[in-house]
Structures are given as structure tokens and as C-alpha cells.
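Taking it in order: structure first as C-alpha cells, then the write-up.
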Amino acid sequence: MPELPEVETVRRGLLPVMEGRVIARATVRRDGLRWPFPARLAERLSGQRVLRLRRR
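Each residue of the sequence shown is one higher than the one before, starting from 239 at the first, in this note's numbering.
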């Protein structure tokens, strides 16, 4: 299924504020939205740098 144009719009909007930044902390609010998140995901994301934003 083709992605909606809004996906690219959101990606472009986030790009200048997120790319190259370090994630200070993350919170998993609902851990089973579509599939289970990996164990300790929020903990593992903290301190990581956002290298690039892309669509799947």
C-alpha cells in the first residue's frame, strides 16, 4: 500500500529538529500498539544519536 503524503510531510518537518540530535530520554506509553516493543526500548534509546530520518 502506498504511503500517504502526510508521512513525508511529517518526516520533512522533523528532519531539521531531530537529525543529528541526541535522545535525552524516551518513554514507552503503550507497549503493544501494533507489536510488542523490545525489552528496555526506552532505556536503550536514551543517549543515542538520530543519524537520519527515513520512511520505510
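Glycine included, C-beta positions come from ideal geometry on N, C-alpha and C.
Quiz item: Is VAL260 helix, strand or coil by DSSP?
Solution: Three-state result, VAL260: strand.
Quiz item: Does the segment 245 to 264 come close enough to the segment 276 to 285 that 3 or more CB-CB pairs lie under 8 Å?
Solution: With three or more CB-CB distances shorter than 8 Å, the segment 276 to 285 counts as touching the segment 245 to 264.
Practice problem: Would you kindly work out how many angstroms separate the C-alpha atoms of PHE275 and ARG268, rounded to a whole number? | Solution: For PHE275 and ARG268, the distance between alpha carbons rounds to 9 Å.
Quiz item: Whose C-beta lies closer than 7 Å to the C-beta of GLY251 among residues of the same chain, with five residues either side of it excluded?
Solution: So no residue of the chain qualifies.
Exercise. Output yes or no for whether 7 Å exceeds the beta carbon distance between LEU291 and ARG259.
Key: A distance of 7 Å or more separates the beta carbons of LEU291 and ARG259.
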